[in-house]
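*Asks:* Listed in order, the protein sequences are those of chains A and B. When you number the first sequence by my numbering, it's gap-free, plus one each residue, and the end is 770. When you number the second sequence by my numbering, it's gap-free, plus one each residue, and the end is 571. Beta carbons are placed, not taken as given, at the ideal position from N, Cα and C, and that holds for glycine. Could you have a look at this structure, given as structure tokens, before my questions?
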Amino acid sequence: MLEEMAALEPFRLGVRAWCATHVPIGWRQDMAGADHAAFVAFHRWWAGELRQAGYLAPHWPAEWGGAGFTLPEQIVLSEELARGDAPRNALYQVALYNAAPAILHVGTPEQKSRFLPGILNGEIWCQGFSEPDAGSDLASLQTRAVRDGEDYVITGQKVWTSMGHEADWCILLARTDPIAPKRKGISFFLLDMHAAGVEARPIRQATGQAEFCETFLDEVRVPAANLLGPENEGWQVSQSTLASERGVVLIELADRLRRNGIGALIAQAGSWPLGGAMAADDPGVRELLGQRYAEGAVLRLLINRMVTNLLRRGGVGPEASVIKLFYSELLQNVMNDGVRLQGLGAQVETPALMSAGWETGGWMYDYLNSWGWTIGGGTSEIMRNIIGERVLGLPREPEARGA
Amino acid sequence: MGLSDEERDQLRAAVRGLLDERSSSAQVRVLFDDPLGYDPDLWDRMAGLGWLAMHLPEDHGGMGGSHADLAVVLQELGRHLTPSPLTASVVLGAGALVLGDNAPLRAAELPALADGSRKATLASCPPGGSCDPDRLEMRWQPLAGGGRLDGVAGFVPYARVAELVVVAALGPSGPVLVAVDLPVAGVTIDASPVYDRTRRFDVVRCDGVGVAADHVVAGPETAREVLGRLNDLGAIAAGCDGLGVAERATERTALYATQRFQFGRPIGSFQAVKHHCANMLVATEASRAAVLGAVDALDQPGADVGEAAAIVKAFAATACAEACAVSVQVHGGIGFTWEDDCHLLLKRAKLDEAWFGTPAWHRRRLAARLLA
Chain A
368 MLEEMAALEP FRLGVRAWCA THVPIGWRQD MAGADHAAFV AFHRWWAGEL
418 RQAGYLAPHW PAEWGGAGFT LPEQIVLSEE LARGDAPRNA LYQVALYNAA
468 PAILHVGTPE QKSRFLPGIL NGEIWCQGFS EPDAGSDLAS LQTRAVRDGE
518 DYVITGQKVW TSMGHEADWC ILLARTDPIA PKRKGISFFL LDMHAAGVEA
568 RPIRQATGQA EFCETFLDEV RVPAANLLGP ENEGWQVSQS TLASERGVVL
618 IELADRLRRN GIGALIAQAG SWPLGGAMAA DDPGVRELLG QRYAEGAVLR
668 LLINRMVTNL LRRGGVGPEA SVIKLFYSEL LQNVMNDGVR LQGLGAQVET
718 PALMSAGWET GGWMYDYLNS WGWTIGGGTS EIMRNIIGER VLGLPREPEA
768 RGA
Chain B
200 MGLSDEERDQ LRAAVRGLLD ERSSSAQVRV LFDDPLGYDP DLWDRMAGLG
250 WLAMHLPEDH GGMGGSHADL AVVLQELGRH LTPSPLTASV VLGAGALVLG
300 DNAPLRAAEL PALADGSRKA TLASCPPGGS CDPDRLEMRW QPLAGGGRLD
350 GVAGFVPYAR VAELVVVAAL GPSGPVLVAV DLPVAGVTID ASPVYDRTRR
400 FDVVRCDGVG VAADHVVAGP ETAREVLGRL NDLGAIAAGC DGLGVAERAT
450 ERTALYATQR FQFGRPIGSF QAVKHHCANM LVATEASRAA VLGAVDALDQ
500 PGADVGEAAA IVKAFAATAC AEACAVSVQV HGGIGFTWED DCHLLLKRAK
550 LDEAWFGTPA WHRRRLAARL LA
């Protein structure tokens, strides 16, 4: 992989130059305390900038308007966007990295030509998987979809739908066969969030922001043409979207954590008083900083290994769970370090910095937000179950009767 | 040039095959009370297969391969808990000659180290085990035509079976590295048993040992840097060893958790146990990334080996030892017995964790670089 990366040096310099002229100066100041409308407007504009450069959908094939970048090119792009402190493209993560891969993977030609251009043109997607009674046990979801002529009629409740109140479309899991074993009666739908019977209500989070929604579906009619993949095989479709581009997303997350999380911790330790000196002069703190720096480096090395395996063998295996777990816990630990070392200063509420991803610079805010990673997308406990069962071959926990 | 990926997989299979056959738990345990502390027959087999020489320069009897090739052998030695002077001789002893600036001595000594007919070691710690050259308790007094050594060194691996020891000593202008053929009058070697019975360490005392100028491996101008690089090399080698140990601990613990039943279920189906096993796997895989990243740094001109080695010690050394500690817990009572291998793995990983600088020392070293 090293040779391939070295050959990309001109490409890297091109992205770097683009970042230098396009990443808006002062966006952090502008987004500090920005309201939701300003946040959404900013992201729509930023996605447009990325689209014009061909960087919005670097992983898509060219026939669908993507850049068709090779994996090493995608890696370089991720690294340089993190390096250039580009705003994190949070509003479009589901569209680009969840909905699009599923559509590209199993969609019909009609579905591809209907939905992919919309994503490139700035349509926002959300994900309707979790339910109030189906969190870690996602496959027990109860939202029902009943076929009625050319439509499915869907009723139920979803929760933790990120950006649900901004979204145009939703990738939705609903039960089409209530009698089949729980993983075999689920179908995957592309739901119009503007359809009658859809209501998204924001949920205020521990950070004070309302990024998530609970989404109520009351006899929503979804055309059968918006069933993605075969009926009752939605579970398999949802599992297959863990595509290669996720590895590339992880690079951006890891590099941002190293630069804006661990790097900031090391830099700020020099300005936090401790005893008669500064935290950065304290041997115990220095040991902690060295440890976090090493952990950040190891995170990146882990991802490099995954990407190398991807290039050689194709497909991401359960090692993605190792990285998700490692990243989530490192993120939480680093933010907690900042909270502890800054002391009372970290307790002062400051305006939330939108668009900065998981490292806004406010240690307490980021610490609170870090549960989004240790819980969202499969809790750390579920990750450990996956690692235990799929990597180490340990037996599953017996399920309660009737489950 | 090193081996291709496929060739390296074949090398791993060959090393594992030989060590499965020659370094079983029973065979390792027999060596606990052996005067040599290693299996000379296995040494000869490994030497004959070229496994001592893969990373050494071709013009001195080596195979000119990469450290990544050697790393395969080191991981497998750890995995099999094999008692071996390999790290002492071809990583540390040969490493001192390669990194030092005495070309004639290098040319004279490396071929015999590469083919295993002679063994070397490195005496670079005081008896307290620090890796800081300023704490050395061996003294160097320059004299006409060479100099003399007086003092003591600890944690010298396999000194009793070595024919050459490279000694770090503090002289009036700072540390030097000199080579001493063994046995020789004035050098006494005493065993210093460690809890890890799969390793041998000795205390080496020098009492007015004369060393000719042609046996100075690195003079005061370069020795400090050479010692630092040797310590990094040792740290990465110990990281490879610990990785092999942790990998073995993780695999056998997952197997045990599948086979051991309590409450009518395999204990590995309980999340408390399953999560311990998952943590071991995460520790092992993250350590693999750190260790192999550092091995790659050794093979890349211009790479920051010092940082890579410090990352191995700051993260992987501790993670591998912790995996072995959790392994004891998952095994329960049997894991606490002498009969089971849990304690052998834990002791070896704990030694690897402490060797070539503690994790705390390396974390502060990283911090010093970052905060400079």
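Pick from B:Val290, B:Ser391, B:Gln499: whose alpha carbon is nearest that of valine 355 (chain B)?
*Replies:* Within the second sequence, residue 355 (chain B) is the residue found at index 156, counting from 1. Taking only the C-alpha atoms, the option nearest valine 355 (chain B) is B:Ser391.
*Asks:* Quick check: what's the CA-CA separation for leucine 273 (chain B) versus arginine 487 (chain B)?
*Replies:* Your numbering for residue 273 (chain B) matches position 74 in the second sequence. Your numbering for residue 487 (chain B) matches position 288 in the second sequence. Going by the C-alpha atoms only, they are around 13 Å apart.
*Asks:* Can you list the residues of chain A that serine 468 (chain B) reaches, using a CB-CB cut of under 8 Å?
*Replies:* Reading the second sequence from its first residue, position 269 is the one you call residue 468 (chain B). The contacting residues are Leu761, Pro762, Arg763, Glu764, Pro765.
*Asks:* Listing by chain order, which chain A residues have their CB less than 7 Å from the CB of isoleucine 510 (chain B)?
*Replies:* What you label residue 510 (chain B) is simply residue 311 of the second sequence in a count that begins at 1. Within chain A, the residues near isoleucine 510 (chain B) are Ala661, Ala664, Val665.
*Asks:* On the DSSP bridge list, what partners appear for glycine 495 (chain A)?
*Replies:* Along the first sequence, read from residue 1 onward, the residue named residue 495 (chain A) stands at position 128. Answer by DSSP bridge pairing, in chain order: A:Leu539.
*Asks:* For valine 526 (chain A) versus serine 497 (chain A), is the C-beta spacing smaller than 8 Å?
*Replies:* Residue numbering aside, residue 526 (chain A) sits at position 159 when the first sequence is read from its first letter. Residue numbering aside, residue 497 (chain A) sits at position 130 when the first sequence is read from its first letter. Yes. Within cutoff.
*Asks:* For proline 341 (chain B), name the three-state secondary structure that DSSP assigns.
*Replies:* By 1-based counting over the second sequence, the position of residue 341 (chain B) is 142. Note: proline 341 (chain B) maps to strand in three-state DSSP.
*Asks:* Have a look at proline 377 (chain A) and cysteine 386 (chain A) and give me their C-alpha separation to the nearest angstrom.
*Replies:* Here residue 377 (chain A) is taken as the residue at index 10 of the first sequence, counted from 1. Here residue 386 (chain A) is taken as the residue at index 19 of the first sequence, counted from 1. Going by the C-alpha atoms only, they are around 14 Å apart.
*Asks:* For chain A, check one thing: does any of its Cβ atoms lie closer than 8 Å to the Cβ of arginine 562 (chain B)?
*Replies:* Against the second sequence, residue 562 (chain B) aligns to sequence position 363. Interface residue, yes.
*Asks:* Just curious, the beta strand (DSSP E) that leucine 479 (chain A) is in, first and last residue?
*Replies:* Here the question's residue 479 (chain A) lines up with position 112 in the first sequence. Correcting the residue identity first, residue 479 (chain A) is lysine in this sequence and not leucine. Element bounds for lysine 479 (chain A): not the beta strand (DSSP E) but the alpha helix (DSSP H), 476 to 487.
*Asks:* Kindly list, in the order they appear in chain A, the residues whose Cβ is closer than 9 Å to that of arginine 211 (chain B).
*Replies:* Numbered from its first residue, the second sequence carries residue 211 (chain B) at position 12. Those do not exist, as arginine 211 (chain B) stays about 16 Å from chain A at its closest Cβ, beyond 9 Å.
*Asks:* Taking alanine 647 (chain A) as the query, report the chain B residues whose CB atoms sit under 7 Å from its CB, ordered along the chain.
*Replies:* As a position in the first sequence, residue 647 (chain A) is number 280, starting the count at 1. Within 7 Å Cβ-Cβ: Leu570.
*Asks:* With burial defined as no fewer than 16 other Cβ atoms inside 10 Å of the residue's Cβ, what is the status of serine 316 (chain B): buried or exposed?
*Replies:* Mapped onto the second sequence, residue 316 (chain B) falls at position 117. So serine 316 (chain B) ends up on the exposed side.
*Asks:* Should serine 699 (chain A) go down as buried or exposed, given a rule of 16 or more other Cβ atoms within 10 Å for buried?
*Replies:* Walking along the first sequence from the start, residue 699 (chain A) turns up at place 332. Going by the sequence as given, residue 699 (chain A) is glutamine instead of serine. The residue in question, glutamine 699 (chain A), is buried, as its Cβ has 16 or more Cβ neighbours within 10 Å.
*Asks:* Can you find a C-beta in chain B that's less than 8 Å from the C-beta of alanine 770 (chain A)?
*Replies:* For this step, residue 770 (chain A) is matched to residue 403 along the first sequence. At alanine 770 (chain A), the pLDDT of 49 sits below 50, so the modelled position is not reliable and the matter cannot be decided from this model.
*Asks:* According to the neighbour-count rule (16 or more other Cβ atoms, all chains shown, within 10 Å of its Cβ), is isoleucine 521 (chain A) buried or exposed?
*Replies:* For the purposes of this step, residue 521 (chain A) is identified with residue 154 of the first sequence, where counting begins at 1. It counts as buried.
*Asks:* What does the alpha-carbon distance come out to for the pair threonine 350 (chain A) and leucine 423 (chain A)?
*Replies:* Look at the range of chain A in this structure, 368 to 770, and you will see that residue 350 (chain A) is not part of it.
*Asks:* Apart from the five residues just before and just after arginine 399 (chain B), which ones in its own chain have a Cβ nearer than 6 Å to its Cβ?
*Replies:* Here residue 399 (chain B) is taken as the residue at index 200 of the second sequence, counted from 1. Hits under 6 Å: Gly236, Tyr357.
*Asks:* Any C-beta of chain B sitting closer than 8 Å to the C-beta of glycine 642 (chain A)?
*Replies:* Walking along the first sequence from the start, residue 642 (chain A) turns up at place 275. By this cut-off, glycine 642 (chain A) is not an interface position.
*Asks:* Could you tell me the alpha carbon to alpha carbon distance between lysine 479 (chain A) and glycine 485 (chain A), rounded to whole angstroms?
*Replies:* Within the first sequence, residue 479 (chain A) is the residue found at index 112, counting from 1. Within the first sequence, residue 485 (chain A) is the residue found at index 118, counting from 1. Each residue's alpha carbon lies about 10 Å from the other.
*Asks:* Can you find the residues in the same chain that come closer than 6 Å, C-beta to C-beta, to alanine 770 (chain A), ignoring five residues on each side of it along the sequence?
*Replies:* Locating residue 770 (chain A) in the first sequence gives position 403, where the first residue counts as 1. Confidence in alanine 770 (chain A) is poor, its pLDDT being 49 and thus under 50, which makes the residue's placement unreliable; the coordinate value appears in the next sentence. Hits under 6 Å: none found.
*Asks:* Mind listing the chain B neighbours of isoleucine 633 (chain A)? Cutoff is C-beta to C-beta under 9 Å, in chain order.
*Replies:* By 1-based counting over the first sequence, the position of residue 633 (chain A) is 266. Under the 9 Å cutoff, chain B gives Ala566, Leu569, Leu570.
*Asks:* Would glutamate 552 (chain B) and alanine 520 (chain B) qualify as a contact pair, given that the criterion is a beta-carbon distance under 8 Å?
*Replies:* Locating residue 552 (chain B) in the second sequence gives position 353, where the first residue counts as 1. Locating residue 520 (chain B) in the second sequence gives position 321, where the first residue counts as 1. In this structure, alanine 520 (chain B) lies closer than 8 Å to glutamate 552 (chain B) by Cβ.
*Asks:* Quick one: any contact between the region 551 to 565 of chain A and the region 524 to 538 of chain A, if contact means 3 or more CB pairs under 8 Å?
*Replies:* Verdict: yes, contact present.
*Asks:* Does any C-beta atom of chain B lie closer than 8 Å to the C-beta of glycine 637 (chain A)?
*Replies:* For the purposes of this step, residue 637 (chain A) is taken as residue 270 along the first sequence, with counting starting at 1. By this cut-off, glycine 637 (chain A) is an interface position.
*Asks:* In the DSSP assignment, find the beta strand (DSSP E) that holds glycine 407 (chain B) and state where it starts and stops.
*Replies:* Taking the first residue of the second sequence as 1, we reach residue 407 (chain B) at position 208. 400 to 411 is the extent of the beta strand (DSSP E) around glycine 407 (chain B).
*Asks:* Does the count of Cβ pairs from the region 461 to 471 of chain B and the region 539 to 553 of chain B closer than 8 Å reach three?
*Replies:* The region 461 to 471 of chain B, when compared against the region 539 to 553 of chain B, does not touch it at the 8 Å Cβ threshold.
*Asks:* Give the straight-line distance between the Cα atoms of glycine 601 (chain A) and leucine 759 (chain A), rounded to the nearest whole angstrom.
*Replies:* Walking along the first sequence from the start, residue 601 (chain A) turns up at place 234. Walking along the first sequence from the start, residue 759 (chain A) turns up at place 392. Using only the alpha carbons, I get a separation of about 27 Å.
*Asks:* Rounding to the nearest angstrom, what Cα-Cα distance links leucine 761 (chain A) and lysine 691 (chain A) in this structure?
*Replies:* Counted from its first residue, the first sequence places residue 761 (chain A) at position 394. Counted from its first residue, the first sequence places residue 691 (chain A) at position 324. Distance between the alpha carbons of leucine 761 (chain A) and lysine 691 (chain A) is about 20 Å.
*Asks:* Give the residues of chain B in contact with leucine 656 (chain A), contact being defined as C-beta atoms less than 7 Å apart.
*Replies:* Mapped onto the first sequence, residue 656 (chain A) falls at position 289. Within 7 Å Cβ-Cβ: Ala566, Leu569.
*Asks:* Could you give the first and the last residue of the continuous beta strand (DSSP E) run that contains serine 554 (chain A)?
*Replies:* Numbered from 1 along the first sequence, position 187 holds the residue referred to as residue 554 (chain A). Looking at the DSSP string, the run of the beta strand (DSSP E) that includes serine 554 (chain A) is 553 to 559.
*Asks:* Helix or strand or just coil, what does DSSP make of proline 239 (chain B)?
*Replies:* Along the second sequence, one-based indexing puts residue 239 (chain B) at 40. It is helical.
*Asks:* Closer than 8 Å, Cβ to any Cβ of chain A: which residues of the region 473 to 485 of chain B, in chain order?
*Replies:* Cβ contacts with chain A come from Lys473, His474, Cys476, Ala477, Asn478, Leu480, Val481, Glu484, Ala485.
*Asks:* DSSP three-state call for lysine 512 (chain B): helix, strand or coil?
*Replies:* For this step, residue 512 (chain B) is matched to residue 313 along the second sequence. Helix.
*Asks:* Cβ of valine 407 (chain A) less than 8 Å from any chain B Cβ?
*Replies:* What you label residue 407 (chain A) is simply residue 40 of the first sequence in a count that begins at 1. So no, valine 407 (chain A) is outside the interface.
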